[in-house]
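Visitor: Once you've had a glance at the structure underneath, I'll fire off some questions.
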Amino acid sequence: MKRTHTCGDLRAAHVDQTVTLCGWVHNRRDHGGIIFLDLRDRYGLTQVTLDPDICGKEVHELGNRVRSEWVLQITGKVTSRGDKKNPNLATGEIEVFVKDLVVLNKAETPPFEIAEHIKVGEEPRLKSRYLDLRRPTMQHNLITRHRVTKVVRDYFDEHRFLEIETPTLCKYTPGGARNFLVPSRLHQGSFYALAESPQLFKQLLMVGGYDRYLQIARCYRDEDLRNDRQPEFTQIDVEMSFIDMDDIMDIGEGMARAVWKTILGVDLPAKFRRMTWAEGMLKYGSDKPDLRYGMEIVDLTDWAPTSGFSVFQKAVEAGGVVRALNAKKATEILSRRTLDTLTEFAKGYGAKGLAWIKIGGDPSKAESWQGPAAKNITEAARIELAKRMNVEDGDVLFFGADSFKVVCATLGAVRVELGTKLLKLARGDDWQFLWIHSAPAFEWSDESQALVANHHPFTAPYDDHVDLLASDPAKVLSKSYDMVLNGNEIGGGSIRIHDSATQSKVFKALGISDEDAQKKFGFLLHALSFGAPPHGGMAFGLDRMIMLICQSDSIRDVIAFPKTQRGRDEMLDCPTVVSDRQLKELALVTAAPVVAKA
RNA sequence: GGCCUGGUAGCUCAGUUGGUUAGAGCGCCGCCUUGUCACGGCGGAGGUCGUGGGUUCAAGUCCCAUCCAGGUCGCCA
């Protein structure tokens, strides 16, 4: 070993020991005679001191030439700092007086300083990710990620789950996320698809008798990127046989409790709150409600026709809904200018506008109700509204009047914008978990002009909804459940269909012919016909979970080497064009304008 | 694919109504400095203002196009 201790180890108890440390030069304070170096590794920072009277002239001169981020090996005596302690440093009680110094490697001046207090943009960070990874926040995040996956593996191991790997090179299946395609050299003109999730494999494992499966699985989706979406990401993938919805939710909750307890020391509730999809949409305009603040949405569709306001009346006549939320004590923060911005924000979600009413004074007086919508509402309607919305002085009401879909999207987004950004009602360390369950099995797709599976076509409908598959499929609710944390979907799953009769009814509802189903999913249908056990499971977004635990704004901060929003790796400079020879070997031609020469 | 924000020194940013030689802090380089710890003092170097075109006597600043980064809608069963 080149070192006896790390840069985070030494304490007062080590005084008088001779130690050897290795690390990077974090900082250098040259006093002409005495030189202080802060030596850094991932365990911490230790002050090493070069006193010419102790280390000799030669080592001292070498210390003079040392620069930031050089890699040093130093040997010296641990010495108490006496009254010169540094309380900001874990090793601040001591310093090491250098006797010998070896430069293990020099370093160019880094493009940015490796220090917590230095602000650096993401572009330079990603270009020199190996330097960014030296920074304390990134080290903390990646260490946390390691610890979380260890807790997860231990937890599932204790519950008799088996970790089984499944292929990432697999078959293209239509529907769902766009796949990355991998050309086959041995079967020219044919392609593998990178797995968007191990979904079908884990169901086949259930058929194979591995009744409790776990995998920390890499998944690939060729879709547009976001702060919480990368083209490759990691799922904690789980599947179980001989269980019901409650069993899976219990297992999932248990995992979250274990992680939060071990990593953060936080005790999550013994039972997570549960809410139907319908309730989430009604009260929060979202299938992933943020429960860190109130502002529940109130349905006013029955009130709207007698409100006297034609905008509301027409929305209901057109078959839409009218709903509102109350931002308590918000009149001061929500200036006219902010409300205009919020109206534009709402239009981004398909709303034609955002009616609002400010309450400036005693709500029983008409003149206290301010804003364009206020004048149009009759006195009786106003009194009724005050009651339903629990209106008080200082409140601001926001209305949505449109189709169900648009009103949910708009008020849901306005609520989050108010809660997290404008009124700042949400804390990053307030952990509001809940389950959203029983979503509709299908939803209408404007793009394909047909019903499409909300989750996936193997999601089991409620037993008493099976008959609706033929008569009114849009009303069918599924045995599905999403784990939601602070407005983020961090996991989701369902009970799967395990009998072929129900499966074919679902395909029929989706407009998929038996022949088509055989072609696309034949291997699964065949497997289900050989005694598939009742089963179900779920998958957690590991990156998102860790992002929330680390209170980061982006999963890029919890991934060692992430891609940019256009899917590029700034450090590798990829993707790249390939040579004609490579294309030829794969029997590919490209329509792209530039191809690299061999 | 749409919309929004940004791109000026190695880093983080300022740059007014278009007007002389484009600034600051940090970092970097040199000298001084024996108790600092985001040490201190003095001095210095460092710029294709993302790229291309246009308007103008004159463009970092205005216009058009384009690239890159971030956010967002669509998309992500």
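Reminder that position 211 of the first sequence reads as 801 in the working numbering, one-by-one numbering, no gaps. Even for Gly, the Cβ is constructed at its ideal location relative to N, Cα and C.
I'd like the span of the alpha helix (DSSP H) that includes W867, first residue to last.
Guide: In the first sequence, residue 867 corresponds to position 277, counting from 1. W867 to Y874 is the span of the alpha helix (DSSP H), which, as asked, contains W867.
Visitor: Just grab the DSSP bridge partners of A991 for me.
Guide: The count along the first sequence starts at 1 and reaches residue 991 at position 401. Paired residues: V912.
Visitor: Do the CB positions of R972 and A991 come within less than 9 angstroms of each other?
Guide: For the purposes of this step, residue 972 is taken as the residue at position 382 of the first sequence. For the purposes of this step, residue 991 is taken as the residue at position 401 of the first sequence. No, they are not a contact pair.
Visitor: Could you give the DSSP three-state label for C760: helix, strand or coil?
Guide: Numbered from 1 along the first sequence, position 170 holds the residue referred to as residue 760. Three-state result, C760: strand.
Visitor: Sorted by chain position, which residues of the same chain lie with C-beta nearer than 6 angstroms to F702's C-beta, five sequence neighbours on each side aside?
Guide: Locating residue 702 in the first sequence gives position 112, counting from the first residue. Same-chain partners within the cutoff: V710 and P714.
Visitor: Y810 lies in the beta strand (DSSP E); which residues open and close that run?
Guide: Against the first sequence, residue 810 aligns to sequence position 220. Taken as a continuous stretch (DSSP letters only), the beta strand (DSSP E) holding Y810 covers R802 to Y810.
Visitor: Kindly provide the ranges of any beta strand (DSSP E) runs that are 3 or more residues long and lie completely inside the segment 842 to 904, ordered along the chain.
Guide: 863 to 866
Visitor: Going by DSSP, what residue range makes up the beta strand (DSSP E) through F935?
Guide: Numbered from its first residue, the first sequence carries residue 935 at position 345. Taken as a continuous stretch (DSSP letters only), F935 belongs to no beta strand (DSSP E), being part of the alpha helix (DSSP H) at R926 to K937.
Visitor: Just checking my contact of G870 with D880 at CB under 8 angstroms: how many whole Å lie between their CB atoms?
Guide: To locate residue 870, count along the first sequence from 1; it is residue 280. To locate residue 880, count along the first sequence from 1; it is residue 290. The pair is not a contact, with the Cβ atoms about 11 angstroms apart (cut-off 8 angstroms).
Visitor: Can you round the beta-carbon distance between M1241 and I1080 to whole angstroms, since I take them to be within the 8 angstroms contact cut?
Guide: Because the chain spans 591 through 1188 in this model, residue 1241 falls outside it and cannot be assessed.
Visitor: At what residues does the beta strand (DSSP E) containing P773 begin and finish?
Guide: The sequence position of residue 773 within the first sequence is 183, counting from 1. P773 -> beta strand (DSSP E) spans L771 to P773.
Visitor: Let's see if you can read the secondary structure: which residues bound the alpha helix (DSSP H) around I1136?
Guide: Position 546 of the first sequence holds residue 1136. Note, I1136: alpha helix (DSSP H), L1132 to I1139.
Visitor: Using CA coordinates, which residue listed in P953, D628 and L1067 is at the minimum distance from A1031?
Guide: Here residue 1031 corresponds to residue number 441 of the first sequence, with the count starting at 1. Comparing Cα positions, the closest option is L1067.
Visitor: From A882 to L1138, what distance separates their C-alpha atoms?
Guide: Taking the first sequence and counting its residues from 1, one reaches residue 882 at position 292. Taking the first sequence and counting its residues from 1, one reaches residue 1138 at position 548. At residue 882 the sequence reads Arg, which differs from the Ala that was named. Those two C-alpha atoms are separated by around 14 angstroms.
Visitor: To which residues of the same chain is L629 closer than 6 angstroms at the C-beta, ignoring the five residues directly before and after it?
Guide: Taking the first residue of the first sequence as 1, we reach residue 629 at position 39. For L629, where only same-chain residues beyond five positions count, the Cβ hits under 6 angstroms are C597, L611, G613, T636 and V638.
Visitor: Would DSSP call G646 helix, strand or coil?
Guide: For the purposes of this step, residue 646 is identified with residue 56 of the first sequence, where counting begins at 1. Of the three classes helix, strand and coil, the one that applies to G646 here is helix, per DSSP.
Visitor: Is the segment 803 to 811 touching the segment 750 to 758 in the sense that three or more CB pairs, one from each, lie closer than 8 angstroms?
Guide: Look at the beta carbons and you see the segment 750 to 758 touching the segment 803 to 811: at least three pairs across the two are nearer than 8 angstroms.
Visitor: With a threshold of 16 other CB atoms inside 10 Å of the CB of R775, please say whether the residue is buried or exposed.
Guide: The residue labelled residue 775 in the question sits at position 185 within the first sequence. Its Cβ having fewer than 16 others within 10 Å, R775 is exposed.
Visitor: Considering only the beta carbon of each residue, do L1192 and A914 sit closer than 9 angstroms?
Guide: Summary: the structure shown does not reach residue 1192, with the chain confined to residues 591 through 1188, and so no result is reported for it.
Visitor: Using a Cβ-Cβ cut-off of 6 angstroms (strictly less than) and excluding sequence neighbours within five positions of K948, which residues of its own chain qualify?
Guide: For the purposes of this step, residue 948 is taken as the residue at position 358 of the first sequence. If we look at K948 and ignore the five residues flanking it on each side, its Cβ neighbours are T921, Q960, G961 and V986.
Visitor: To which residues does DSSP link Q1022 through a beta bridge?
Guide: What you label residue 1022 is simply residue 432 of the first sequence in a count that begins at 1. The partner list for Q1022 (beta bridge, DSSP) is empty, contrary to what the question assumes.
Visitor: Assess contact between the segment 996 to 1010 and the segment 937 to 951, defined as three or more Cβ pairs (one per stretch) separated by less than 8 angstroms. Is contact present?
Guide: yes
Visitor: Tell whether a beta-carbon distance below 9 angstroms holds between L1012 and L932.
Guide: One-based indexing of the first sequence puts residue 1012 at position 422. One-based indexing of the first sequence puts residue 932 at position 342. Cβ atoms of L1012 and L932: closer than 9 angstroms.
Visitor: With distances taken Cα to Cα, identify the nearest neighbour of L831 among E651, G844, I1087 and A1091.
Guide: Numbered from 1 along the first sequence, position 241 holds the residue referred to as residue 831. It should be pointed out that residue 831 corresponds to Ser in this sequence rather than to Leu. Answer by Cα proximity: I1087.
Visitor: Just list the residues that DSSP pairs L716 with in beta bridges.
Guide: For the purposes of this step, residue 716 is identified with residue 126 of the first sequence, where counting begins at 1. Answer by DSSP bridge pairing: none, since L716 is not bridged.
Visitor: Would V849 and V742 qualify as a contact pair, given that the criterion is a beta-carbon distance under 9 angstroms?
Guide: Within the first sequence, numbered from 1, the residue matching residue 849 stands at position 259. Within the first sequence, numbered from 1, the residue matching residue 742 stands at position 152. Yes, they are a contact pair.
Visitor: On the criterion of 16 or more Cβ atoms from any shown chain inside 10 Å, does K592 qualify as buried, or is it exposed?
Guide: On the first sequence, residue 592 is found 2 positions in, with the first residue counted as 1. K592 should be labelled exposed.
Visitor: How would you label K977, buried or exposed, when you count the other beta carbons within 10 angstroms and need 16 or more for buried?
Guide: Here residue 977 is taken as the residue at index 387 of the first sequence, counted from 1. When all chains shown are included, K977 counts as exposed.
Visitor: Quick one: Cα of I1026 to Cα of R671, how far?
Guide: Numbered from its first residue, the first sequence carries residue 1026 at position 436. Numbered from its first residue, the first sequence carries residue 671 at position 81. So the two alpha carbons sit approximately 57 angstroms from each other.
Visitor: Do you know offhand how far V1185's Cα is from R1158's?
Guide: The residue labelled residue 1185 in the question sits at position 595 within the first sequence. The residue labelled residue 1158 in the question sits at position 568 within the first sequence. With a pLDDT of 42 at V1185, under the threshold of 50, the modelled position of this residue cannot be trusted; read the value that follows with caution. Roughly 18 angstroms separates the two Cα atoms.
Visitor: What whole-angstrom Cβ distance do L784 and T758 have, given they're in contact under 8 angstroms?
Guide: The sequence position of residue 784 within the first sequence is 194, counting from 1. The sequence position of residue 758 within the first sequence is 168, counting from 1. That belief holds up - the Cβ atoms of L784 and T758 are roughly 6 angstroms apart, short of 8 angstroms.
Visitor: The beta strand (DSSP E) spanning Q637 covers which residue range?
Guide: Position 47 of the first sequence, counting from 1, holds the residue named residue 637. G634 to L640 is the extent of the beta strand (DSSP E) around Q637.
Visitor: For G1002, name the three-state secondary structure that DSSP assigns.
Guide: Working through the first sequence from its first residue, we reach residue 1002 at position 412. In this structure, G1002 counts as helix in the three-state DSSP scheme.
Visitor: Who pairs with N1192 in a beta bridge, going by DSSP?
Guide: Given a span of 591 to 1188 for the chain in the structure shown, any question on residue 1192 remains unanswerable.
Visitor: May I ask you to verify whether the segment 817 to 832 touches the segment 1141 to 1152, counting CB pairs closer than 8 angstroms and requiring at least 3?
Guide: yes
Visitor: Does the Cβ-Cβ distance between A1117 and L872 come in under 9 angstroms?
Guide: For this step, residue 1117 is matched to residue 527 along the first sequence. For this step, residue 872 is matched to residue 282 along the first sequence. Result no, Cβ atoms of A1117 and L872 do not sit closer than 9 angstroms.
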